[in-house]
Amino acid sequence: MTGLEIGFGTIAVMMVLIWLGVHVAVALGITSFLGVWLLKGDAEVATAMLSQGAYDAIASYVFAVVPLFVLMGFLVSIADIGKDTFEVANQGLRRLRGGLGMATVAANAIFAAITGISIASAAVFTRVAVPEMLRYGYKPGFATGVVAGSSVLGMLIPPSLLMILYGFLAEVSVGHMFMAGILPGLLLSLAYGVSIAAMVRLAPHFVGGSAAGDAVAGDLMPLGEMLRKLLPIVILIGAVLGGIYGGFFNATDAGAVGAAGALIIALAKRRLDRSKLWQVMVETGHVTVSVSFLIIAASLYTRMLALSGVPQYLVDLIAHAGLGQYGFLVCYILLIVIMGCFIDSSSILLIALPLMLPIATGFDMNLIWFGIVTIVAVEIGLLTPPFGLSVYVIKSTLNDPRISLGVIFRGALPFAAIMLAVLILLVVFPQLALALL
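Under my numbering, the first residue of the sequence shown is numbered 816, with each subsequent residue one higher.
Dropping the structure here:
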């Protein structure tokens, strides 16, 4: 067998293993080992190469950014910061028609800036926002669709675990990825808000709610209480993103500052006791180990593919096909969106990037911008059937038999379309991602 045959064969085997339910990292590790064994003809050489590769993959202090940002995310969830942001946003938008939906988007955008996990956002705001919207007459599809759509901001507005993973895979600065995600994240948030205002007027049967707005949604919150709820959030976001943007520290240092700040806030709000602290530490360990295992497996997979010659073959194939940069991008985005219908976000990056990054480099694309385009395309998959991970999280968190998966998917569909429109803007105007760099 030639190197190309072995390389493509391992990709096919890996996809079959994933389809059979094998964990993506395990599937990547198995196929990488088998691929190197077949290419080198010696199991001992394959073992030695992969063991060294596993060490090299995470033998750097920069990987401390993973547990630090995960810890910060869990701590702010424990501190009920998501609930505080929603209450404040609702006060500011309460007199607008569709105000509760806009408040959910605004709160999710703020919450995303201190968590970085879309699934956490979906779970938090399903508990906080959906019951409020249902109580004031919003349709279940719209209420859950708003939460599903705005939850993806957790992976686009920094800090973001998906950006961290992309940074490691593409060997680009995680800090630069964070800065590149700010404007696209704000643009998507604004697009959601404008679209909700349009839906209220053009499709009131889809939205529901009070025709007079949400002015009746609760008592007025005193200005002092609003400031008290917002101040910790503003300080935490300013410390993390301001420190990176101002050049005071790198992404790893920002993670440490953010985790320490979140711990102080949780203690000050008296939301953290021994049992909750232990729960947070255990969950942080679980996520960190999972992400580290994925990074190691992706590194092994990349090395095996490089040995087989598959990436260079694809580069030459695309170059001779005459597709050009935009033709390649269209095919790539379609592939990512289709994969998102069946596979989770991290797995898509691990499978696709080792094959596609050499092609993007061959077209002299900016890898930071390419990463933002990739993440937006991947996140569309969180809202589309049959996988739609955010939808399943909302369904399980809501635990309401009256609201089916079909209702949530239909509610999320307009927001997936809005994401696609923003993605097109990012492709046509790369400076939307690169302006702050």
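Idealized CB from N, CA, C, for every residue including glycine.
query	result
Reduced DSSP category for Tyr870 - H, G, I as helix; E, B as strand; rest coil	helix
Selected residue, minimal CA-CA separation from Ser1105, among Val881, Ile821 and Arg1085	Val881
Leu1087 vs Leu1129 beta-carbon contact at 8 Å	no
Neighbourhood of Tyr1007 by C-beta distance below 7 Å, restricted to the same chain and skipping five residues each side	Val920, Gly964, Ser965, Phe1230 and Ile1233
Helix, strand or coil at Gly836 [DSSP, three-state]	coil
Where Tyr951 sits in the DSSP three-state scheme	coil
Beta-carbon gap between Gly916 and Phe957 smaller than 8 Å	yes
Buried or exposed by the 16-neighbour rule on C-beta atoms within 10 Å, applied to Asp1300	Shown here, the chain extends from 816 to 1252; a query on residue 1300 therefore has no answer.
Three-pair Cβ contact test at 8 Å for the stretch 1117 to 1128 versus the stretch 819 to 834	yes
Residue from Val1222, Phe1063, His991 and Ala1112 whose Cα sits closest to the Cα of Trp1184	His991
Inter-stretch contact (C-beta, 8 Å, three-pair minimum) for the stretch 855 to 870 and the stretch 884 to 891	no
Whether Val1188 touches Leu1109 by CB criterion (8 Å)	no
Per-residue DSSP class, three states only, for Gly1258	No information on residue 1258 is available, as it lies outside the stretch 816 to 1252 that the chain covers here.
Member of Ala928, Leu1240 and Ile1133 whose CA lies at the smallest distance from the CA of Ser892	Ala928
Residues near Gly1100 by beta carbon distance below 8 Å, same chain, minus five either side	Pro882
Pick from Lys855, Gly836, Gly952 and Val962 that is closest to Ser1205, judged by C-alpha positions	Val962
Leu854 versus Ser1123: straight-line alpha-carbon distance, rounded	7 Å
Residue interval of the alpha helix (DSSP H) (run including Arg1043)	Leu1038 to Tyr1060
Cβ contact check for the stretch 1069 to 1086 and the stretch 948 to 956: 3 or more pairs under 8 Å	no
Reference Val1015, options Arg1089, Ile1133, Leu911 and Leu1249, closest by Cα	Leu911
Integer-rounded CB distance, given that Val939 should sit under 8 Å from Leu1197	Actually they are not in contact, since the Cβ atoms of Leu1197 and Val939 sit about 15 Å apart, beyond 8 Å.
Neighbourhood of Ala918 by C-beta, 7 Å cutoff - its chain only, sequence neighbours within 5 removed	Phe901, Ala904, Asn905 and Leu908
Rounded C-alpha distance that separates Pro1037 from Lys1044	11 Å
Rounded Cβ spacing between Met1180 and Ala1167 (contact assumed at less than 8 Å)	At roughly 15 Å, the Cβ-Cβ gap does not stay under 8 Å, so Met1180 and Ala1167 are not in contact.
Spatial neighbours of Gly1073 in its chain, beta-carbon cut-off 6 Å, leaving aside the 5 residues before and after	Met887 and Val1055
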